[in-house]
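Accompanying notes for the structure given below.
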Amino acid sequence: MIKNVENLTVVFGNQRNAFENFNESSAIDEMVSHRLLRLENELQLGLSEEDIHQLVNVKAEAEELTNEDLRSEGKRRKAVETGKDYT
Numbered sequence: 047m048i049k050n051v052e053n054l055t056v057v058f059g060n061q062r063n064a065f066e067n068f069n070e071s072s073a074i075d076e077m078v079s080h081r082l083l084r085l086e087n088e089l090q091l092g093l094s095e096e097d098i099h100q101l102v103n104v105k106a107e108a109e110e111l112t113n114e115d116l117r118s119e120g121k122r123r124k125a126v127e128t129g130k131d132y133t
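As numbered in this note's numbering, residues 47 to 133 make up the sequence shown, in order.
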């Protein structure tokens with residue numbers, strides 16, 4: 047009889063833990079969904095996939111130009127320091 051009680055305790059304990067984990071995961075999912083919906087409503091961007099790709103490309107091009115400009119400026123400064131002509 048004691049062994050049966052111990053088994054029931056283990057079974058119910060495991061079910062309780064599973065239920066608590068489910069409730070926690072469910073609550074997290076609900077919070078994340080709510081925040082995403084709120085952000086979507088606040089932003090109201092309505093961007094299409096094409097618009098997003100264009101924005102990403104513009105950002106990538108700007109970063110490329112910035113890196114090229116930095117390298118070019120570094121070379122120019124080095125030329126000035128060494129007294130060489132930079133063209």
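Ideal Cβ placement from N, Cα and C applies to all residues, glycine included.
Item                                                                                                                                                  : Value
Could you check what DSSP says for Q90 in three-state terms: helix, strand or coil?                                                                   : coil
Ignore the nearest five residues each way along the sequence and tell me which others in V51's own chain have a CB closer than 7 angstroms to its CB. : Because the pLDDT at V51 is just 47, under 50, the model does not fix this residue reliably, and the value given afterwards should be weighed accordingly. Excluding residues within five positions, none has a Cβ falling inside 7 angstroms.
Which class does K130 belong to by DSSP, given the choice of helix, strand or coil?                                                                   : coil
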